[in-house]
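*Asks:*
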Amino acid sequence: MPQPYSAVDLHCHTRASDGRLRPEEVVAEAARCGVQLLAITDHDTTAGLDEAQRAAAAAGVGLLPGVELSTQWQGRTIHVVGLAIDPAAPGLVAGLRRLDTERQRRADAIAARLDRLGLTEAASLARADAGDARLTRTHFARALVTVGRCKSVGAAFKRYLAPGRGAYVAAEWPELTEAMDWIRDAGGQAVLAHPQAYQFGSGLRERLIAAFAAAGGGAIEVCCGNSTASDVERARREAEMHGLCGSIGSDFHAPGQPWAQLGRVAPLPRTTKPVWNRLR
Ligand code: AMP
Ligand code: MN
Ligand code: MN
Ligand code: MN
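Each residue of the sequence shown is one higher than the one before, counting from 323 in the numbering used here.
(1) Check Y327 in the structure and name its three-state DSSP category.
(2) Indicate the three-state DSSP secondary structure (helix, strand or coil) for R586 in the structure shown.
(3) Counting beta carbon pairs with one atom in the stretch 505-518 and one in the stretch 435-454, are three or more of them shorter than 8 Å?
(4) If you draw a straight line from the alpha carbon of P387 to that of V587, how long is it in whole angstroms?
(5) Tell me whether the stretch 413-424 and the stretch 328-336 touch, counting them as touching only if at least three CB pairs, one residue from each stretch, are closer than 8 Å.
(6) Measure from the alpha carbon of G382 to the alpha carbon of each residue in R354, V544, H365, then state which is nearest.
(7) Determine the direct distance from the alpha carbon of R435 to that of T468, and round the result to whole angstroms.
(8) Give the DSSP-derived three-state secondary structure of H575 in the structure shown.
(9) Indicate whether the contact test is met: 3 or more Cβ pairs, each with one atom in the stretch 488-501 and one in the stretch 529-548, closer than 8 Å.
(10) How would the residue list near ligand 6 read, in chain order, if you kept each one whose beta-carbon is closer than 6 Å to any heavy atom?
(11) Is the beta carbon of D340 within less than 6 Å of some heavy atom of ligand 2?
(12) Under the criterion of a Cβ to heavy atom distance below 6 Å, does D573 qualify as lining ligand 4?
(13) Which residue's Cα is closest to the Cα of D599: W395, A369, A406, F479?
(14) Which residue wins for smallest C-alpha separation from W395, given the options G547, P412, E346, R527?
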């Protein structure tokens, strides 16, 4: 069931990482959908925030500077959103530089694998498509669709880019707690992104959320674009149990993806404390 539009959306992407729209186009889309408080949270970069801030001021949309950091915890990839960050904070800037280096290293390794699979053209297309943006697996997946090798981005992940597949290369992301320190040093709140996305047994998930809370985490995304009612209920309970606030975010990347449209996200459960009440 599509959600009614929410006035708050604190997780989305632009062309600065793997989103399809420019920052000003994302802001225009937010205004069109009635989103009054928006956070732009590109993967491992704050490069889209200046343009977004100018567009948001002109459109009367409240914009929180954000970022979605790639991290690891117990050897598994975990995404942490930083909200209301100062993009100029030195610790964060240095962390983003390190993430960029690792992204480039991994992209070179993915390209080499595609090369060996006879898919050199897809690798160069991905780079050209990304330009100055953070190069993500999404860019490689889209390129595999463009060259006609896969029918959809989802199929490209399944066939080539998911763990264990031919063009998959593991990334050495920084530790979860390290990335959370960068967010704290930048004056922001750390939010555990899309908890339903991790394929964890309940014990491991419980430990992740406990570790996140112990490291100073502020909130967990209780409502995401693709959350089911039981995902929301589970995250609500976890937030309550660990004294965390709740956040909501669509994880919008591109128009035409019904599971993640800007502002299409359920409201927070009544008893969950909104993270935006404790932001500067
Ligand atoms: P990266 O951070 O470069 O490893 O790329 C991760 C991004 O790929 C995520 O933020 C999603 O946007 C996208 N992604 C991951 N898995 C899938 C999938 N199975 N289908 C479509 N997109 C995916
Ligand atoms: Mn993405
Ligand atoms: Mn994510
Ligand atoms: Mn995201």
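The beta carbon of each residue, even a glycine, is placed where N, CA and C say it ideally should be. Bear in mind that the values here come from a model prediction, so they are computed numbers and not experimental data.
*Replies:* Reading it off the structure:
(1) strand
(2) strand
(3) no
(4) 20 Å
(5) no
(6) R354
(7) 18 Å
(8) coil
(9) yes
(10) Although ligand 6 was asked about, the structure shown includes only ligand 1, ligand 2, ligand 3 and ligand 4 as ligands.
(11) yes
(12) yes
(13) In the sequence under discussion, the amino acid at residue 599 is Asn, which differs from the Asp named in the question. Ranking the options by Cα distance to N599, first place goes to A406.
(14) R527
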